[in-house]
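Chains G and U, in that order, give the protein sequences. Quick note on the working numbering: the first sequence kicks off at 418 and runs consecutively. Quick note on the working numbering: the second sequence kicks off at 7 and runs consecutively. For glycine and all other residues, C-beta sits at the position ideal for the given N, C-alpha and C.
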Amino acid sequence: MALLSMEKVSFSYDKKIDAVKNVSLTVDEGEYVAIIGHNGSGKSTLAKLFNGLCKPDSGEVVVDGFSCKDKKSLFEIRKRVGVVFQNPDNQMVASIVEDDIAFGPENLGVKREEIGERIQFALASVGMEEFRKSSPARLSGGQKQRIAIAGVLAIKPKILVLDESTAMLDPQGRKEVLEVVERLNKEQKTTLINITHYMDEVVRADKVYVVNDGEIVLSGTPKEIFAKRELLEECGLELPVSSKIAQKLIELGVNLPDGILTKEQLAEELCVLKQKI
Amino acid sequence: MKDVTFGQFFPAQSFVHKLDARIKILLSIAFMVAVFMVQAFQFMGFVACLLFVLVVTALAKVPFGKVLRSIKGILFFIVFSAVLQLLFNKNGTTLWHWKFITITDKGLLNAGFIICKITLVVLGASLLTLTTSPVDIADGIESLMYPLKWIKFPVHEFALIMSIALRFIPTLLDETDRIIKAQKARGANFESGNVFKRAKALVPVLIPLLISAFRRAEELADAMDARCYSGSKNRTKYKKMRLTWRDAIATLVVGGLITGVVFLNITGFLAVVL
Chain G
418 MALLSMEKVS FSYDKKIDAV KNVSLTVDEG EYVAIIGHNG SGKSTLAKLF NGLCKPDSGE
478 VVVDGFSCKD KKSLFEIRKR VGVVFQNPDN QMVASIVEDD IAFGPENLGV KREEIGERIQ
538 FALASVGMEE FRKSSPARLS GGQKQRIAIA GVLAIKPKIL VLDESTAMLD PQGRKEVLEV
598 VERLNKEQKT TLINITHYMD EVVRADKVYV VNDGEIVLSG TPKEIFAKRE LLEECGLELP
658 VSSKIAQKLI ELGVNLPDGI LTKEQLAEEL CVLKQKI
Chain U
7 MKDVTFGQFF PAQSFVHKLD ARIKILLSIA FMVAVFMVQA FQFMGFVACL LFVLVVTALA
67 KVPFGKVLRS IKGILFFIVF SAVLQLLFNK NGTTLWHWKF ITITDKGLLN AGFIICKITL
127 VVLGASLLTL TTSPVDIADG IESLMYPLKW IKFPVHEFAL IMSIALRFIP TLLDETDRII
187 KAQKARGANF ESGNVFKRAK ALVPVLIPLL ISAFRRAEEL ADAMDARCYS GSKNRTKYKK
247 MRLTWRDAIA TLVVGGLITG VVFLNITGFL AVVL
């Protein structure tokens with residue numbers, strides 16, 4: 418059974434326009450899922466549906482056997498689905514890093530000694546051990562977001578959801594955050610859902626959902642997704658530069674294989690081509 | 007604006023800094039009580055209190071100028087109280103008389119005492135805020151308020167409010183700075199004009215700040231919910247404050263000071279009576 422599943426979920430904020438329409442999706446344990454869509458496509462609402470911050474008007478969200486329909490299971494769902502939001506500043510409750518990370522475990526009623534261990538583990542996971550006693554106000558955007566991730570990891574969720582967590586960061590901060598969460602996915606087998614509007618972030622995902630106007634318009638592996646350039650452009654999404662270059666070259670008759678996603682792949686294929694000549 | 011530290015905390019490694027925040031708060035209150043207990047005409051009591059302030063300042067490795075600066079804010083209040091004493095105390099022998107103004111020797115002395123008392127109280131309070139970070143003070147207050155749980159006072163919620171307020175002060179200061187710059191870039195003028203004009207010029211700063219604060223509050227509420235916050239029920243606390251030998255020594259010293267003041271009062275009283 419899937420770790421998280423959505424069955425024909427619809428949700429509306431104002432009971433007029435549906436922010437999410439009839440969405441069904443599944444996320445398996447250990448998977449890296451990317452959800453991509455332009456601004457206002459309803460992708461952030463999906464994050465809030467995952468952990469019960471929003472309740473579906475129709476349909477059902479089931480996390481690890483707990484249904485969002487049951488009010489009592491809300492706490493269990495939130496224990497399992499950790500969401501990191503966009504603005505790191507608006508996610509922290511304390512003026513010292515370790516106190517902030519302790520907030521989640523404190524809410525769960527974890528014993529004092531274990532909270533200490535969890536803080537250590539969470540900070541090590543995001544590579545921020547030396548900042549345990551620092552004040553978040555003095556950290557960079559990327560560092561703050563890593564602390565926010567640590568704050569969620571201390572709850573020991575089964576699923577880590579990034580709700581546009583890289584959107585406010587500079588390129589360096591974005592790289593830091595992505596490296597951290599992708600390593601967690603690989604090494605600790607944390608199920609990862611990355612909700613984003615950056616196409617280049619979905620390249621390494623196992624599965625991609627493309628969201629437009631609250632509906633899933635496309636799903637598949639990154640390769641399958643990137644092959645449908647016209648559809649993506651209709652959804653207001655642009656391919657990563659390397660994919661674009663490769664496709665343009667193919668259109669011009671250069672003999673490149675389909676499905677080039679990263680600049681490393683592109684360089685590789687071009688070198689192969691050059692050797693053939 | 008980034009380096010604005012809230013309050014006047016002066017970070018250092020010292021005996022006084024390492025004291026437990028709860029003890030420091032209680033001892034500061036005890037010190038103020040001691041200052042107010044000093045009876046009129048007991049100069050030794052003031053000398054003892056002043057000596058105490060000087061020793062604590064030296065121990066805390068805080069520059070004395072920083073401690074003195076705290077008086078500046080309430081200088082007006084001190085002068086005002088002293089002048090009131092001077093003008094309206096009609097006891098004792100008259101030193102100077104002009105129309106309706108009479109200055110007596112007792113009035114003069116009382117004015118001196120008022121100045122000493124208020125100054126010492128403020129010095130004591132500023133020593134607390136100089137040597138204790140706002141976070142520690144908030145934690146200390148929370149811990150001291152714990153007994154109020156018996157009368158159903160929401161101690162945990164109150165503490166969380168304090169913690170979040172402290173957490174967002176630098177963020178909102180940053181934001182204010184950004185908004186001021188943005189409004190300046192659009193031609194807003196904050197520097198010229200009279201007080202009313204300048205106050206009015208702040209409106210376009212305060213409104214965006216307020217709106218953004220509400221947006222932040224909403225996002226923070228979501229983030230707290232997402233981190234399983236459900237009130238104070240079944241909640242544990244990570245931070246624990248521990249008393250050390252330092253706290254025992256500090257308590258003894260302040261206790262000694264109070265005993266000394268009381269002793270001086272009694273001997274002074276006996277000297278008058280006998």
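- Put simply, of U/W251, U/A18, U/L133 and U/L172 the residue whose alpha carbon is nearest the alpha carbon of U/L33 is U/L133.
- Short of 6 angstroms from the beta carbon of G/T607, and not among the five residues preceding or following it, lie these beta carbons of its own chain, in chain order: L577 and L601.
- Note that the stretch 44-56 of chain U touches the stretch 122-136 of chain U; at least 3 beta-carbon pairs, one per stretch, sit closer than 8 angstroms.
- Exposure of U/R248 is indicated by the presence of fewer than 16 other C-beta atoms within 10 angstroms of its C-beta.
- For the stretch 222-249 of chain U, residues whose beta-carbon sits nearer than 8 angstroms to a beta-carbon of chain G comprise R222, E225, L226, D228, A229, M230, D231, A232, R233, C234, Y235, S236, N240, R241, T242, K243, Y244, K245 and K246.
- For U/F15, the closest alpha carbon among the candidates U/L93, U/G113, U/G79 and U/A131 is that of U/A131.
- Counting only unbroken stretches of 3 or more residues, the beta strand (DSSP E) elements lying wholly within the stretch 558-623 of chain G are 576-580 and 608-613, in sequence order.
- Of the residues U/G146, U/L166, U/T99 and U/I255, the one whose Cα lies closest to the Cα of U/M230 is U/L166.
- The continuous stretches of alpha helix (DSSP H) do not include G/D675, and DSSP gives it neither H nor E.
- Contact between U/L93 and U/I107 holds: their C-beta atoms lie close to 7 angstroms from each other, under 8 angstroms.
- U/L215 is the residue among U/F42, U/L215, U/F164 and U/H162 whose C-alpha sits nearest the C-alpha of U/R184.
- Residues of the stretch 503-518 of chain G with a C-beta less than 7 angstroms from any C-beta of chain U: N504, D506, N507, Q508, M509, V510, A511, S512, I513 and D516, listed in chain order.
- With a threshold of 8 angstroms between beta carbons, U/L172 makes contact with chain G.
- In the DSSP secondary-structure assignment, G/E632 is bridged to G/N629.
- For a cut-off of 8 angstroms, the C-beta gap from G/S458 to G/N672 is around 36 angstroms, too long to register as a contact.
- The continuous beta strand (DSSP E) containing G/F428 extends over residues L421 to S429.
- Approximately 16 angstroms separates the beta-carbon atoms of G/E618 and G/L635; this is outside 8 angstroms, ruling out the contact.
- Judged by DSSP secondary structure, U/V128 falls outside any beta strand (DSSP E) and instead within the alpha helix (DSSP H) spanning D111 to T137.
- In the DSSP annotation of this structure, the continuous segment of the alpha helix (DSSP H) that includes G/I662 starts and ends at V658 to E668.
- Taking 8 angstroms as the CB threshold, G/G590 stays off the interface with chain U.
- Going by beta carbons, U/R233 and G/G526 fall outside the 8 angstroms limit.
- If you look at G/I452, you'll find it in the beta strand (DSSP E) that goes Y449 to I453.
- In this model, U/R222 and G/A584 are separated by some 16 angstroms (Cα to Cα).
- With fewer than 16 other beta carbons inside 10 angstroms of its own, U/R75 counts as exposed.
- Chain-ordered, the chain G residues with CB closer than 9 angstroms to the CB of U/S169 read V510, A511, S512 and D516.
- Counting only the Cα atoms, U/G237 lies some 13 angstroms from U/K243.
- Take the alpha-carbon of G/I642 and the one of G/A684: they are about 21 angstroms apart.
- The C-beta of G/E534 comes no closer than 8 angstroms to any C-beta of chain U.
- Put simply, the CB of U/V161 is far from chain G, with every gap to its CB atoms at 8 angstroms or more.
- The C-beta distance from G/L678 to G/S659 rounds to 7 angstroms, short enough to meet the 8 angstroms contact threshold.
- Taking 8 angstroms as the cut-off, the Cβ atoms of U/A256 and U/I29 count as close.
- At a cut-off of 8 angstroms between beta-carbon atoms, U/V141 makes contact with chain G.
- Burial check for U/G199: the Cβ neighbour count within 10 Å stays below 16, so the residue is exposed.
- Contact with chain U is absent for G/R497, since none of that chain's Cβ atoms lies less than 8 angstroms from the residue's Cβ.
- Under the three-state reduction of DSSP output, G/K438 falls in the strand class.
- A Cβ-Cβ distance of about 5 angstroms is found for the pair G/D435 and G/S427, placing them in contact under the 8 angstroms criterion.
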